[in-house]
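Below is one structure, written out as structure tokens; the observations come after it.
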Amino acid sequence: MSRLRTLIITSCTGKKLHNPTNQLTIEDFKDTERLRERTQSLLEFSCPSGQMYTGLQHLRLMEGVDILRSRFGREVVDVKIISAAYGLIPEDKVIVPYTVTFNSMKNDEISSWANFIGIHKDFQEAVIGYDLVFVLLGDKYIRALNLPIETNPKQTFIFLASNKSRNLVVLGDANFELLTFSNADASRFGCALVGLKGQLLKLIATEIRQEPNLLSEIYNNPKILENLLNNQPQQLELPLGISVATAKKSNIKNKKPKRAIADLDEFLNLPRAVNTHLTMKYFIPEWDDKVDIGYNFLLDESSLNRNAYRDDVYAHEIYSQPNYDGILVSKVVVDKIKNKRADIEKLGGIRNFVRFPGEIMGDCGAFGYIKLEAPPYNTVEILDYYEKLKFDYGVSIDHLIVGPFAEPGVREKRYDLTLQNAEEFISKHQKIGYTFTPIGVAQGWDPETYADAVKKLVEMGYDYIAIGGVARTPTIEILEILKEVYQHLTPKTRLHLFGVGRIDALPYFRHLGVTSFDSASPLRKAWFDAVENYHTLSGKAYAAVRIPFVDKQSPRIKHLLLEGYERETLRQLEQEALKAIREYDKGNISLDESLEKLLAYDELLELPRDGKVTPTAKARRLRQHTQLYRELLEVKPWQECECKICKDYGVETAIFRGNDRNRRRGFHNTYVFFQRFQEFLNTENHLENDNFDRTGESI
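Numbering-wise (our numbering), the sequence shown opens with residue 213 and increments by one.
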């Protein structure tokens, strides 16, 4: 029974693809005519709901859905989303941005509004005909379902939820399993709590891809999921910038890298690529990552009369030398912000806009339009865009071949379209005489199709080629692709890897002809990772100390206030925690004294949202945070770091608190990654000089 009809129910997310200032509000949805008029005013920001939500849970969940669809077929797996504005909607329903969420409502408000938009009735009807239903919802969205509903004894329901949802999940005749998770589990699975349910769905999908019969086993006995998840390693992949040594936290994690190393050695036994004399470069994607240079950390105040564009600075404006060789700017990112392109042109080009002296590469941002039948751009438009904005490099228009879009019949169309675009791109580039360097993109679905694409691009006249669609591909599979591709490279061919910056794999990538790559992972891990926020040159990473703002009304603080905690009490704990870590940094108090103050605040933040926790769970969470923070405080890595961020801001860099600390820590991580990258290049150059004579032949 491998083709079980499967439905996945998830929730909307606050983070959306578009964020205009005039988003729909709850009042708009109360009046049909008003909703129609307001929707018309937002049509430029409309898109299918599956693309609109960009929160971490949704992104991870959709990765899992893509895995299941690639294995069983798109028609077998459906996704429906509980929107606090539109109700229960399919992933292909076109919507516009809105600000409505159940998370800000009280229980009676949730019940009333959910009834108004028909969620209970729609959920009842939606599950009819499905064998297996996964429900990934927070407690307030589960409350909106108003369970129970009528079910079929032959159906199986699996709820991935928080501890607070236990009393809300009640079903009729169906077989069901409720799996609840907390912050401790988030750390265990290497994902922020906000994205954990999506991460777990992806993990389950990955296991099913390897053992297709597992889906039927889950349907028949959903309780096996608990054992399956408990037997998982603590991290699914080796993080960027973290050496293999840090993977020795469990026996499971320790075994996999050893096997991988043995497998990878075969690639180094191949002859070196003919282009390895070319310099290898690191590009960082541009996402408006800036900070207030005059931010007052002691008072937590922004600069007086601050203008974000004029006054905020990029990482390369802080350090004496940039911590990347170039910047990658995607057109979908430029188009996302109103007037951004106009501002770039007004300033005389992309270099002046990002205030960067190095090389700047432009691409279309294929992940932004992955679900469209064809890219939303034409070749002449993109050529003119690169030229007018004065990019150094411009990438041809490609279409991703991943997940459900790698199925027969779909993949061939995208493959041919990508190559046709590349041919038109370089032909018109040469004919008209554009000044930027053209880059042709190779897409594929196996090593042979990638190699054939690269061969064709070289024949077209490209001397700079990019491999796309491999950002989430295991290293061993990327190397198999490169093994086929590198046979078609010439001594002057430069080869870029999109979205792949795995520092431990660089020797293999370099050996097989990769001359550049891009990745924002070191930067993003500063605030997206559950435990590895502060990176060091040794490869060791530490958790930043969580001291959230009391006065900025985060969901956690709002919850504590609703639970009866006085704001002044929370503020006092917050300030005592800040003082404690600063005094410890100066040597004025002991580690244990500092840790006591930090955990007094942190312990409240770790409580489930209903304010109830078993002594065992509470002890486990407290023990974990005690260990993580003690590990950080014992070493004081910010005192040893030579980067300007740590020299200027010290311990503030290790505090998880707001953009101006978190993004600075990301800048520090990028510095660490670039230093390790440069060390690799220097080591490689020494080895090359030792092992090769002037003809380039092995000695």
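Note that CB positions come from ideal geometry on N, CA and C, so glycine has one too.
Cα-Cα separation between residue i and residue j, rounded to whole angstroms
i	j	result
leucine 383	phenylalanine 335	12 angstroms
leucine 380	valine 607	51 angstroms
glutamine 263	alanine 792	44 angstroms
proline 534	alanine 527	7 angstroms
lysine 737	leucine 516	30 angstroms
aspartate 240	serine 316	17 angstroms
proline 497	leucine 510	31 angstroms
tyrosine 186	threonine 647	For residue 186 there is no data in the structure shown, the boundaries of the chain being 213 and 911.
asparagine 487	leucine 480	15 angstroms
leucine 200	threonine 838	Here the chain has residues from 213 to 911 only, and residue 200 is not among them.
histidine 771	lysine 848	32 angstroms
isoleucine 354	isoleucine 322	10 angstroms
proline 767	valine 406	11 angstroms
glycine 267	threonine 705	38 angstroms
arginine 250	serine 542	30 angstroms
alanine 717	histidine 489	19 angstroms
asparagine 643	valine 277	Reading off the sequence shown, one finds lysine at residue 643, where the question assumed asparagine. When rounded, the distance between both Cα atoms is 44 angstroms.
Pair within 8 angstroms by beta-carbon distance, residue i and residue j
i	j	result
valine 308	serine 258	yes
alanine 386	asparagine 358	no
isoleucine 677	isoleucine 693	no
threonine 368	phenylalanine 388	yes
tyrosine 310	alanine 326	no
glycine 878	aspartate 501	yes
serine 884	threonine 748	It is worth fixing the name first, because residue 884 is valine in this sequence and not serine. Yes.
tyrosine 698	glycine 673	no
lysine 625	glycine 561	no
valine 743	serine 731	no
histidine 708	phenylalanine 721	no
isoleucine 857	isoleucine 530	yes
proline 587	isoleucine 609	yes
lysine 409	leucine 441	no
serine 324	isoleucine 293	no
histidine 611	alanine 578	yes
aspartate 537	tyrosine 494	yes
Residue i classed as buried or exposed, judged by whether at least 16 other C-beta atoms fall within 10 angstroms
i	result
threonine 233	exposed
arginine 821	Note on arginine 821: pLDDT 42, under 50, position unreliable in the model; the coordinate value appears next. With 16 or more Cβ atoms within 10 Å of its Cβ, arginine 821 is classed as buried.
arginine 215	exposed
glycine 330	exposed
leucine 803	exposed
leucine 300	buried
proline 434	buried
glutamate 696	buried
isoleucine 769	buried
asparagine 463	Model confidence at asparagine 463 stands at a pLDDT of 31, short of 50, so the residue's coordinates are unreliable; what they give is reported in the following sentence. Its Cβ having fewer than 16 others within 10 Å, asparagine 463 is exposed.
alanine 474	Annotation note: pLDDT 43 at alanine 474 (below 50); position unreliable, no value reported.
proline 734	buried
glutamate 303	buried
Option nearest residue i by Cα separation, candidates the options
i	options	result
alanine 683	Val614, His723 and Ala618	Val614
threonine 313	Thr661, Leu236 and Pro424	Leu236
threonine 630	Lys668, Tyr605 and Lys643	Lys668
valine 503	Pro686, Asn519 and Leu540	Asn519
alanine 756	Ile279, Trp739, Lys600 and Gly538	Trp739
glutamine 787	Ser323, Arg869 and Ala732	Arg869
glutamate 275	Ile556, Lys305 and Ile416	Ile416
tryptophan 850	Thr865, Arg842 and Asp730	Thr865
aspartate 675	Glu624, Asn633, Asp658 and Thr727	Thr727
glutamate 599	Phe565, Glu585 and His641	His641
asparagine 633	Glu815, Pro616, Asp523 and Ala665	Ala665
tyrosine 813	Lys798, Asp524, Glu805 and Gln784	Gln784
isoleucine 340	Asp351, Ser324, Asp860 and Ile361	Ile361
tyrosine 754	Leu844, Ile354 and Ser806	Leu844
valine 544	Leu405, Tyr342 and Gly574	Gly574
alanine 618	Glu852, Ser806, Gly506 and Gly656	Gly656
asparagine 508	Asn871, Lys848 and Tyr431	Asn871
glutamate 660	Phe892, Thr687, Arg875 and Leu691	Leu691
lysine 333	Gly350, Asp351, Tyr342 and Ala356	Ala356
leucine 927	Pro483, Tyr796 and Ala789	Lying before the first or after the last residue shown, residue 927 is absent from the chain, which here runs from 213 to 911.
leucine 774	Lys318, Arg272 and Asp351	Lys318
arginine 875	Ser806, Asp741 and Ile370	Asp741
aspartate 658	Asp596, Val546 and Glu689	Glu689
Kindly confirm or deny that the stretch 772-782 and the stretch 750-760 touch, where touching means at least three C-beta pairs closer than 8 angstroms. With the cut-off at 8 angstroms, the stretch 772-782 and the stretch 750-760 do not touch.
Within 8 angstroms, do at least three Cβ pairs link the stretch 339-349 to the stretch 215-228? Yes, the stretch 215-228 touches the stretch 339-349.
Does the stretch 277-292 come close enough to the stretch 420-427 to have 3 or more Cβ pairs within less than 8 angstroms? Result yes; three or more Cβ-Cβ pairs closer than 8 angstroms.
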